[in-house]
Amino acid sequence: MTAMQAARKTLSEVFGYDSFRPGQESVVAAILQGRDVMAVMPTGAGKSLCYQIPALVLGGITLVVSPLISLMRDQVSSLLQNGVRAAYLNSSLTSRQYSLALDNARRGVYRIIYVAPERLLTDSFLDFAVNAPIAQVVVDEAHCVSQWGQDFRPGYLNIAPFIERLPRRPRVSAFTATATQSVRGDIMRLLALENPYAVTTGFDRPNLYLEVRREGSRDAALLRFLGEHRGQSGIVYCGTRKGVEEVAEMLVSHGIDAVGYHAGMGDEERQTAQEDFVSDRAPVIVATNAFGMGIDKSNVSFVVHYNMPKDLESYYQEAGRAGRDGEDAVCCLLYQPADVHLNTFLIEHAQENSQLDEQTQRIVTDRAKERLRQMTYYATGRGCLRAKILHYFGEEPERPRCGNCSGCLTGAQERDVTREAGRIVSGVMALGGRYGKALTARVLAGVKDARIKEKQLDKLSAFGSLREEGEENIRAMIDELIVDEVLDMTDGQYPLLRPGPRAKEALLGDEPIRMTLELRGQKTASRRVTMKPQADKGLLSRLTKLRRGIAEEQHVPPFIIFTNATLRDMAVKRPRTRREMMRVDGVGEGKMDRYGDMFLRVIADYLEEE
Ligand code: ADP
Ligand code: MG
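Reminder that position 182 of the sequence shown reads as 204 in our numbering, one-by-one numbering, no gaps.
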């Protein structure tokens, strides 16, 4: 059997997948041939298998350098579930646990060992490593080595000196999702990769609709967005913990089942929030960027950013958590100029307590500011949003306009708004000159917020009379009507809206009124439609329940047992025998032995009842 045949066998028997995804096969082949690798693949592409399969085919030990304890823990749990002997070495272990694990490692118990970069050059680890048969060193999240990247981690600079110390140089492979040209250069150089096989799979995710909304109020924009996506499940990212709490509360007060998630919450509370979301009990999770790293929820239909992140790497990584199942999904950024000020402040003050020397610090700060500038350009400029992202990652888009983002699909157009102006004037009259522009626009747009309900403004006949326009357009029209003296604004701190000298003309509507306004909801290009085999919903919910039970018993997240994609495939294929079960995507021998029969029983019971 050739090494590649062994790799394919491992793919199906250990991991339970029939075929490689784009990019995986050539990386596996290169590693098996003994080459170094530099692979840039987007989040969710399946980078782990690229090195885990060679680890099993090659023999010896594979060391994986990884930056986060939570990532290591999830990877190791997943491997153990698949029957692969693996362990991690990081600061979450007590010193006794650590030396026990090292002893096991010396005795050759583990095939794959995850290690934090700070451990590499310690005496105890070096002592183990120079005497062990290390076949492969993998650098996951390799952009952490670069000062150009958003997650520079000085410990990553230990990697090259560590490899130098080994008696025989193993193959070295580097993986990352977020690499611009300069980061790629740094990875090659700072990890001292030797003539690496370099692969970059495309960054485009055609099923994601990209959108920027620049409305006056983030809350109103968010509520409107969620109104447009009722019944779907998604993530709302906020910049701060306080923001998470306020936004979650605001949503709940509007009757939306939202849970909050941030690193300042207790472990248990956080775990519950995550489970409520992953299991679809809560369709919306409001979170800081701490949420999502190890989460494998495939049916995330939208990701909204309530605040603009500090750079496009962060933005695309977080937004990319939508639509991993390949279904159409939306990534919406709510932009306000205040975001730029806040991020600038954070960049300037983030460095104060770091251990970097002055000059390095200045470089890091300058680069962070440049990245922020690019992010701001994405949020505020015109043109195709997808093209901007692809350009940023050094890719040439296929077409200058993708036809599936708000940059392509919204434009401005002059139109007749005589009827709309009449409705605005009667709305202003019905409100009796007691309210400002924003509230008036909300009443006309039919937004039921707390203030409107309290004042019973939703009982007015003007409520929702311009619903199809949306708040933003209504506000734009009001502004124009003020200029035309159809409406009038009082002076003072809280300017009130009232009819102007020419209100009656507008009300009668004999003079046509024209304005240039943003087009709304009109798509100039048709969106791609994806067809998927239908999973049996009743069966799927039973399988999910069984999975949840097992996960709770074992104290691991449900996706470690089986991913959503695997459960869905089970509900499509409805296997009756062990052999049929092995054909389900994501069911390998290890998981078949552990759980196959339990799931087969649930399926059999279900089919009998049908
Ligand atoms: P990345 O590190 O690139 O973000 P992961 O390695 O975590 O991605 O993989 C993402 C998901 O894709 C996992 O659930 C994994 O099991 C699944 N996956 C990886 N390779 C394949 C494949 N060849 N076929 C089906 N699913 C795969
Ligand atoms: Mg990964």
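Each residue gets a CB set at the ideal place from its N, CA and C atoms; glycine is no exception.
#1: For the beta strand (DSSP E) containing Leu356, name the first residue and the last one.
#2: For Thr198, which of helix, strand or coil comes out of DSSP?
#3: Taking the alpha-carbon of Ser113 as reference, which of Ser100, Leu142 and Ala127 has the nearest alpha-carbon?
#4: For Asp438, write down the residues that DSSP places opposite it in a beta bridge.
#5: How many Å lie between Thr599 and Met592 at the Cα?
#6: Measure the C-alpha to C-alpha separation of Val274 and Asp241 and round it to an integer number of angstroms.
#7: Is Lys319 close to the ligand MG? I mean its beta-carbon at under 7 Å from any heavy atom of the ligand.
#8: Are the beta-carbon atoms belonging to Tyr400 and Leu394 less than 8 Å from one another?
#9: Residue range of the beta strand (DSSP E) that Gly256 falls in?
#10: Put Asp12 into one of helix, strand or coil per three-state DSSP.
#11: Say yes only if the C-beta of Leu568 is nearer than 7 Å to one or more non-hydrogen atoms of the ligand ADP, and no if none qualify.
#12: Identify whether Tyr617 lies in helix, strand or coil by the three-state DSSP scheme.
#13: For Leu378, which of Ser70, Tyr39, Pro176 and Asn126 has the nearest alpha-carbon?
#14: Measuring straight from C-alpha to C-alpha, what distance separates Tyr132 and Leu71?
#15: Since Val439 contacts Met499 with CB under 8 Å, what's their CB separation in whole angstroms?
#16: Quick check: Ile134 and Gln74, are their CB atoms within less than 8 Å of each other?
#17: State buried or exposed for Arg601, treating a residue as buried only when at least 16 other CB atoms are found within 10 Å of its CB.
#18: Going by the DSSP bridge assignment, what does Tyr328 pair with across the sheet?
#19: Please classify Ile278: does DSSP put it in a helix, a strand, or coil?
#20: Give the DSSP-derived three-state secondary structure of Gly457 in the structure shown.
#21: Taking 8 Å as the cut-off, decide whether the C-beta atoms of Leu529 and Gly405 are in contact.
#22: In or out: Gln638 buried (at least 16 other Cβ within 10 Å) or exposed?
#23: Skipping 5 residues on each side, what residues in its chain have a beta carbon closer than 8 Å to that of Met620?
#24: Look at the alpha carbon of Asp532 and the alpha carbon of Pro521, and state the distance between them as a whole number of angstroms.
#25: Comparing alpha-carbon positions, which option in Leu215, Phe225 and Gly277 lies nearest Lys410?
#26: Ala182 and Phe150: beta carbons closer than 8 Å?
#27: Heavy atom of the ligand MG less than 7 Å from the Cβ of Asp162, yes or no?
#28: Decide if the region 321–328 is in contact with the region 256–267; the criterion is three or more beta carbon pairs, one per stretch, under 8 Å apart.
#29: Considering only the beta carbon of each residue, do Arg43 and Gly68 sit closer than 8 Å?
#30: On the three-state DSSP scale, how would you describe Thr223?
#31: Just verifying my parser: in three-state terms, what is the DSSP assignment at Tyr516?
#32: Alpha carbon to alpha carbon, what distance is there between Ser239 and Val447?
#33: Cβ atoms of Leu488 and Leu466: under 8 Å apart, would you say?
#34: What are the residues that DSSP puts in a beta bridge with Ile134?
#35: Is the CB-CB distance between Ile633 and Ala196 below 8 Å?
This is what the structure gives:
#1: Segment Ala351 to Leu356, the beta strand (DSSP E) holding Leu356.
#2: Strand, per DSSP.
#3: Comparing alpha-carbon positions, the option among Ser100, Leu142 and Ala127 lying closest to Ser113 turns out to be Leu142.
#4: In DSSP, Asp438 forms a bridge with Arg536.
#5: Annotation: Thr599 to Met592 spans about 12 Å, alpha carbon to alpha carbon.
#6: Val274 and Asp241: Cα-Cα distance of roughly 12 Å.
#7: No.
#8: For Tyr400 and Leu394, no; Cβs fall outside 8 Å.
#9: Run containing Gly256: Gly256 to Tyr259, per the beta strand (DSSP E) assignment.
#10: The shown model of the chain, from 23 to 632, leaves out residue 12, and the question about it has no answer.
#11: Answer for Leu568: no, Cβ out of range of the ligand ADP.
#12: DSSP places Tyr617 in helix when its eight states are reduced to three.
#13: Its Cα nearest to that of Leu378, the residue Pro176 stands out among Ser70, Tyr39, Pro176 and Asn126.
#14: Taking the straight line from one Cα to the other gives about 17 Å.
#15: The pair is a contact, with the Cβ atoms about 6 Å apart (cut-off 8 Å).
#16: Against a cut-off of 8 Å, the Cβ pair of Gln74 and Ile134 comes out as a contact.
#17: It is exposed - the Cβ of Arg601 has fewer than 16 other Cβ atoms within 10 Å.
#18: Answer is none; Tyr328 lacks a bridge partner.
#19: Here Ile278 sits in coil by DSSP.
#20: Note on identity: in this sequence residue 457 is Tyr, with Gly being the wrong assignment. In the displayed model, Tyr457 falls within coil according to three-state DSSP, outside both helix and strand.
#21: Not closer than 8 Å, so no.
#22: The first residue shown for the chain is 23 and the last is 632, placing residue 638 beyond what the model contains.
#23: Once the five neighbours on either side are set aside, the close Cβ partners of Met620 are Leu568 and Ile572.
#24: Their Cα atoms are separated by approximately 17 Å.
#25: Residue Phe225 is the option with its Cα nearest to Lys410.
#26: No, they are not a contact pair.
#27: Asp162: yes, Cβ under 7 Å from the ligand MG.
#28: Below 8 Å, enough C-beta pairs join the region 321–328 and the region 256–267 to call them touching: three or more.
#29: Gly68 sits close to Arg43, with the two beta carbons spaced by under 8 Å.
#30: In the structure shown, Thr223 adopts coil according to DSSP, grouped into three states.
#31: Coil at Tyr516, not helix or strand.
#32: When rounded, the distance between both Cα atoms is 23 Å.
#33: Taking C-beta atoms as the reference points, Leu466 and Leu488 count as a pair closer than 8 Å.
#34: Within the DSSP secondary-structure output, Ile134 pairs in a beta bridge with Thr84 and Ala108.
#35: Examination of residue 633 is not possible in this model, given that the chain is present from 23 through 632 alone.
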